[in-house]
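Order-wise, the sequence lines are chains A and B.
FYI, the numbering for the first sequence is 1 to 476, going by our numbering.
FYI, the numbering for the second sequence is 1 to 640, going by our numbering.
We put the CB at the ideal spot given by N, CA and C, even for glycine.
Please read these numbers as outputs of a predicted model, since none were measured by experiment.
Okay, structure first, notes after.
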Amino acid sequence: MIPVLLISVPLVGGLANFFLKEGSLAKTWALLASVITLAVAVAGVCCYPAQQSFDASWIQPLGARFSLSLDGMSKMLTLLTAVSFPLIFGATFKNNYQKPASFYGLMLLAQAGLMGVFLATDALLFYFFWELALIPVYFLCSIWGGERRIQVTFKFFVYTFVGSLLMLIGILVIYFQTPDHSFALQSFYSVKLQGASQQFVFWLFFLAFAIKMPVFPFHTWQPDAYEQSPTATTMVLSGIMVKMGIFAVIRWLLPVFPDAAAHYSKLIIILSVTGMLYASLIAIRQDDIKRMIAYSSIAHIGLMCAAIFAMNKPGLEGVMIQMFNHGINVIGLWIVADAIEKQLGTRRFSELGGLAQKAPALAILFVVMAFANIALPLTNAFVGEFLMFNGLFRYNIWIAAVAGISIILAAVYTLNSVQKIFYGNTVTATANAQEANKNVQWVLVIITLLIIALGVYPQPLIDLTKDTVNAVMAGR
Amino acid sequence: MSKLVYLVPLFPLLGFLINGLGRKSLSKTMVGIVGSGAILASFIVSLCIFFDVKEHGATVVNLFSFIRTESFSIPFAFQVDQLSSVFLLIITGIGFLIHLYSSAYMHEEPNEHFGRFFAYLNLFVFSMLLLVLGANYVIMFIGWEGVGLCSYLLIGFWFKNDNYNYAAKKAFVMNRIGDLGFLLAVFWLLFKLGTVTYGDVFANVAQLSTFDITAITMLLFVGAMGKSAQLPLYTWLPDAMAGPTPVSALIHAATMVTAGIYMIARSNILYTLAPATQTVIAVVGLATAIFAATIALKQNDIKKVLAYSTVSQLGYMFLGLGVGAYTGAVFHVMTHAFFKALLFLGAGSVIHAMHHEQDIRKMGGLKKYMPVTHITFLLACLAIAGIPPFSGFFSKDEILMAAYGKNPLYYYIGLGGALMTAFYMFRLYTMTFLGNFRGTHEQQHHLHESPSAMTIPLIVLAILSVAGGWIGIPDVMIEHGHQLEHFLAPVFAESAKLAEHHHLEASTEYMFMGVSTVAIIIVIILAVNAYRKYQDNGAENTGLGKVLENKWYIDELYDAVIVNPLNALAGFLKNVVEKSGIDGVVNGVGRLVGYGSRQLRLLQSGQVGNYILVMVLAMVVFVLIWFNDQTIMDFLSKIF
């Protein structure tokens with residue numbers, strides 16, 4: 001029951017939103033729906049230790065079924081999705097979007113799509129939800145985005161859609177190889193393509209996921225999209241949607257193409273590590289807080305991708321909990337970025353400074369986010385990075401050492417941003433600045449508590465995904 | 001008693017939370033009481049633990065499981081033994097004195113910042129205690145980076161000043177370079193042994209190859225170079241003097257910077273088994289000791305002299321570790337903590353009286369205005385110079401004697417550094433306290449001795465600087481006089497079995513002591529004479545003097561060789577590779593598809609869907625050709 005509720009609550013809530021009168025009711029309704037979803041997700045994690053499944057017939061002639069399953073990794077990611085939306089809605093509650101009913105409706109539809117992606121155990125259903133999550137975001141960016149939204153959204157859409165279609169072709173190829181002509185995950189797992197064909201289809205899938213994450217060099221849609229989307233949507237994009245790619249690699253790619261994955265692991269790890277250093281260096285030179293966060297995020301995702309393909313338990317365990325922690329932390333960073341831009345009208349470091357004197361509370365909260373971003377021990381990010389680097393080290397010492405340079409660079413660009421925004425003397429833009437509004441502050445306090453709680457006692461998160469890690473590693 | 005060890009870090013943590021959250025509502029008196037009281041409480045518990053360990057020996061206290069995976073388990077556990085209990089006493093004891101001192105020194109700060117300062121200071125002590133108490137390398141690393149965070153926050157405490165912010169950032173980033181080495185060593189241990197718990201690691205060293213041990217110890221040492229400011233990662237420490245002076249005393253002299261020594265002493269068995277690493281440590285330590293001492297000869301900022309002196313003294317400690325004198329290194333950590341904290345607090349007292357003037361060229365003659373500061377500072381100078389029977393003499397002597405046993409050249413170079421130490425310290429002392437006052441009338445009018453909250457810590461530390469060395473009197477003087485060695489023996493027992501013992505004749509040892517003491521006294525007399533009548537005539541240094549005053553231009557070298565090229569590379573990646581390269585190709589492909597579809601006019605142009613349809617069809621055809629699979633053909637023929 002839980003898997004169905006996780007999708008249907010945001011779906012129904014979102015559809016209902018479109019029929020609401022325009023006004024503040026829309027956001028209240030959206031917040032309420034997201035809180036109910038959160039309650040369901042928490043119940044799913046706490047009350048049902050065993051795997052939850054749901055299965056019904058869907059598209060009979062093709063053999064596609066509406067089958068959902070809630071294992072450890074799905075619990076983790078549906079929980080992330082469910083936690084994120086109330087935080088996002090709460091922090092942006094004072095923002096007034098045009099046509100709020102449609103805005104919040106689309107946001108909830110995206111949430112439903114995301115939930116479906118993390119739950120589906122039928123390839124066609126997975127593809128369906130994959131697109132369901134993407135399309136509302138496309139509208140959100142192109143209608144409510146910044147000045148360059150049309151051009152940026154177009155690129156974002158074409159890029160990700162090309163990826164999706166590659167995946168669809170891949171799905172069809174596998175489908176025809178299944179003995180029972182089924183899209184079921186288990187049937188896909190039983191197909192073992194041989195040699196060159198496995199390697200070819202592997203790339204169809206991997207490109208789709210690599211664009212989504214994104215992995216260097218398929219990342220150029222991302223900083224633009226993050227910058228131009230309305231911030232609430234950017235939070236969904238970077239906090240949760242990038243996890244679709246990582247999730248899909250673990251759920252759909254590794255078990256179906258084990259030989260090809262092993263064959264290309266070195267290439268992909270080298271690409272990912274290159275991307276980590278590349279994005280970190282570019283982040284150092286950014287003058288725009290949003291683009292800085294975007295490149296920082298690319299670097300972090302690169303580590304996750306590399307750790308997956310290291311294909312050992314510590315690495316995979318690290319990826320699991322980092323998917324959750326990175327989502328929480330990056331949303332925190334976006335909230336601060338949005339609060340600054342909304343109040344001061346600029347995102348440029350060169351036009352900011354001295355904000356700590358005017359907004360000490362915001363400064364403290366941002367410093368916590370910043371140190372989580374550089375994975376200081378006792379913040380949640382440390383545990384994930386520790387395990388991932390550990391996995392990478394087991395794969396190859398030198399690659400781990402080179403990738404490790406990114407933890408130095410992360411300190412450089414993150415502390416740069418703290419210094420340039422908050423320290424020093426006030427400038428024109430910050431001379432009359434005030435604290436961020438109470439909603440923003442409370443959401444950031446919640447995120448801070450999560451960062452520290454999960455950093456001091458990460459064991460529940462590690463245990464949550466144990467079953468998935470063991471299954472994936474056993475399948476190899 | 002040892003079970004209650006969690007109280008030691010708990011008190012400062014509570015102090016941090018109370019002062020941090022209540023910084024706006026609590027009065028300064030309250031903040032001072034909470035902040036200092038927390039550390040005093042920790043000190044009392046530490047004392048009890050010390051006696052408990054002395055009585056009952058070492059234990060490990062498990063709190064909870066921090067990271068437990070299928071491949072390894074890392075408990076949140078505390079190591080209560082001889083080594084950690086000595087460090088606990090140093091940290092909480094000196095920590096308390098410095099907290100007390102700060103309550104007067106920082107009194108001019110507005111309420112909110114006063115509270116913030118004490119919160120940071122408590123958080124630092126908490127992190128430092130974790131570092132020392134951790135029963136495995138990961139808990140040590142938590143404290144290791146935690147003290148780095150607090151150091152960052154406190155160097156940049158006055159965050160309106162951008163130079164201070166740069167110094168804070170530089171300290172954190174440089175430390176991170178070392179931390180990467182530390183982390184890689186941890187991964188190496190986990191990979192080879194599946195554990196990072198000290199007891200398990202040390203019991204299973206036999207499973208490690210010589211290469212493994214050498215690599216692990218070298219990587220750990222890279223971490224130590226960053227934290228303990230050794231060549232080539234030392235340049236952050238002098239800049240860290242941007243922080244308030246009590247911070248320099250506590251973090252950048254007495255405790256945090258000695259973390260590297262603690263780490264190596266803790267891992268002594270690994271290092272004893274890696275002679276190659278030991279040689280590297282000895283050479284790096286000795287080189288740092290000399291190099292920093294040369295720079296200290298020509299600095300004019302009272303805190304900068306002390307900073308380079310700290311770098312230099314840390315070098316001696318590493319020399320001790322490198323030649324296997326683990327007790328000697330820990331002993332020097334302790335005596336150095338006494339006299340260097342005293343020197344910094346004395347400097348703070350001077351800066352306080354001089355209204356934030358730090359240039360010793362503008363001081364002089366402070367002796368008669370600040371008698372307590374003067375006397376205690378002089379005692380500290382005698383201690384650091386190594387005059388018997390002051391504390392520094394015993395610890396430095398122990399290290400240098402061990403160095404002689406390893407390689408006489410180490411001894412002679414080390415002695416050279418000791419002579420420089422005596423010179424720059426007495427240059428500093430003379431220019432500050434003797435001669436005539438060279439500041440403004442305004443300053444002279446306001447000169448005053450500091451309040452008792454500041455002078456009491458000075459007096460206590462002065463007593464310790466004088467007498468602190470008496471727990472480590474060498475055997476040649478008093479049989480079994482080295483109580484510290486006796487106490488620490490269990491920690492270094494395994495290494496002692498493996499180490500080669502060079503025994504010097506008692507007469508030789510006395511001769512070395514005598515000669516070095518006489519040489520140091522001569523140098524002191526020279527220094528006092530040279531600077532007693534110092535007048536600031538504005539003359540610029542030339543030649544070597546200028547090079548030393550500019551710190552051998554190392555910062556400029558790092559900028560030219562590392563920082564600027566990296567910045568340029570980043571700019572190139574951002575503006576050229578990213579924009580014109582990768583994104584250019586992506587946009588080019590997009591345009592090509594658009595162009596193609598317009599030209600072919602197969603479909604109405606301009607619609608996203610059409611582009612995509614074209615792409616899909618092309619891809620489907622491609623796949624079909626690739627697979628040439630009958631089932632797909634059948635399926636398609638059914639549909640179309």
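Residue i and residue j look like a contact to me (Cβ under 8 Å); what is the Cβ gap, rounded to whole Å?
i        : j        : result
B:Ile290 : B:Gly417 : 5 Å
A:Val40  : A:Leu5   : 5 Å
Consider the Cβ of residue i: report whether some Cβ of chain B lies at a distance smaller than 8 Å.
i        : result
A:Phe18  : no
A:Thr239 : One detail in the question is off: residue 239 of chain A reads as Gly in this sequence, not Thr. Output row for A:Gly239: interface = no.
A:Thr220 : yes
A:Leu271 : no
A:Asn425 : yes
A:Gln459 : yes
A:Ala401 : yes
A:Val319 : no
A:Ile408 : yes
A:Val236 : no
A:Tyr395 : no
A:Gln52  : no
For residue i, does the three-state DSSP call read helix, strand or coil?
i        : result
B:Ile245 : In the sequence under discussion, the amino acid at residue 245 of chain B is Thr, which differs from the Ile named in the question. Residue state, collapsed to three classes: helix.
B:Asp179 : helix
B:Ala539 : coil
A:Asp224 : helix
B:His486 : helix
A:Leu70  : strand
B:Ala215 : helix
B:Leu603 : A caution first: B:Leu603 carries a pLDDT of 49, below 50, which makes its placement in the model too unreliable to give a value.
B:Phe159 : coil
A:Phe85  : helix
Using a cut-off of 9 Å between C-beta atoms, extract the partners of residue i located in chain C.
i        : result
A:Ile452 : Within the model displayed, chain C is absent; protein chains A and B are what it includes.
Using CA atoms only, rank isn't needed, just tell me which of the options is closest to residue i.
i        : options                                : result
A:Leu415 : B:Leu409, B:His336, B:Leu149, B:Arg532 : B:Leu149
B:Gly322 : B:Cys381, B:Ser248, B:Tyr404           : B:Tyr404
B:Ile375 : B:Val466, B:Met106, B:Ala325           : B:Val466
B:Asn19  : B:Leu121, B:Ser267, B:Leu409           : B:Leu121
B:Phe433 : B:Tyr326, B:Gly364, B:Pro408, B:Gln444 : B:Gly364
B:Phe11  : B:Leu21, B:Gly22, B:Ser2, B:Leu40      : B:Leu40
B:Gly156 : A:Thr448, A:Val472, A:Tyr423, A:Leu464 : A:Tyr423
A:Lys94  : A:Ile462, A:Met473, A:Ala436           : A:Ala436
A:Pro10  : A:Phe54, A:Ile59, A:Leu108             : A:Leu108
Kindly indicate if chain A contains any beta-carbon less than 8 Å away from that of residue i.
i        : result
B:Glu70  : yes
B:Asn165 : yes
B:Ser25  : no
B:Ser65  : yes
B:Ser605 : In this prediction, B:Ser605 scores a pLDDT of 49, lower than 50, which makes its location untrustworthy; the coordinate-derived value is nonetheless stated afterwards. Output row for B:Ser605: interface = no.
B:Leu319 : no
B:Arg266 : no
B:Phe117 : no
Using 8 Å as the cut-off, can you tell me whether the stretch 169–179 of chain B makes contact with the stretch 399–417 of chain A, which would need three or more C-beta pairs spanning the two stretches below that distance? As far as the Cβ criterion goes, the stretch 169–179 of chain B touches the stretch 399–417 of chain A, which means the pair count is three or higher.
Is there contact here, the stretch 450–468 of chain A with the stretch 375–391 of chain A, by at least three beta-carbon pairs under 8 Å? The answer is yes - the stretch 375–391 of chain A touches the stretch 450–468 of chain A, with three or more Cβ pairs under 8 Å.
Three Cβ pairs or more, each shorter than 8 Å: is that satisfied between the stretch 182–195 of chain A and the stretch 136–156 of chain A? The stretch 182–195 of chain A is not in contact with the stretch 136–156 of chain A.
For the 8 Å Cβ check, are there 3 or more pairs between the stretch 12–21 of chain A and the stretch 51–66 of chain A? With the cut-off at 8 Å, the stretch 12–21 of chain A and the stretch 51–66 of chain A do not touch.
Check whether the stretch 265–272 of chain A touches the stretch 342–360 of chain A, counting contact only when three or more Cβ pairs, one atom from each stretch, lie closer than 8 Å. No contact exists between the stretch 265–272 of chain A and the stretch 342–360 of chain A.
Quick one: any contact between the stretch 209–219 of chain A and the stretch 116–126 of chain A, if contact means 3 or more CB pairs under 8 Å? The count of Cβ pairs closer than 8 Å, one atom from the stretch 209–219 of chain A and one from the stretch 116–126 of chain A, stays below three, leaving the stretches out of contact.
With three or more beta-carbon pairs closer than 8 Å as the criterion, would you say the stretch 440–452 of chain A touches the stretch 327–335 of chain A? Touching, yes.
Determine contact between the stretch 479–494 of chain B and the stretch 79–90 of chain B, defined as no fewer than three beta-carbon pairs at a distance below 8 Å. Judged by pairs of C-beta atoms under 8 Å, the stretch 479–494 of chain B touches the stretch 79–90 of chain B, as three or more such pairs exist.
Do the stretch 198–210 of chain B and the stretch 261–273 of chain B meet, that is, are 3 or more Cβ pairs less than 8 Å apart? Counting Cβ pairs under 8 Å, three or more are found: they touch.
Counting Cβ pairs, one atom from each stretch, are 3 or more of them under 8 Å apart for the stretch 302–321 of chain A and the stretch 384–393 of chain A? With the cut-off at 8 Å, the stretch 302–321 of chain A and the stretch 384–393 of chain A touch.
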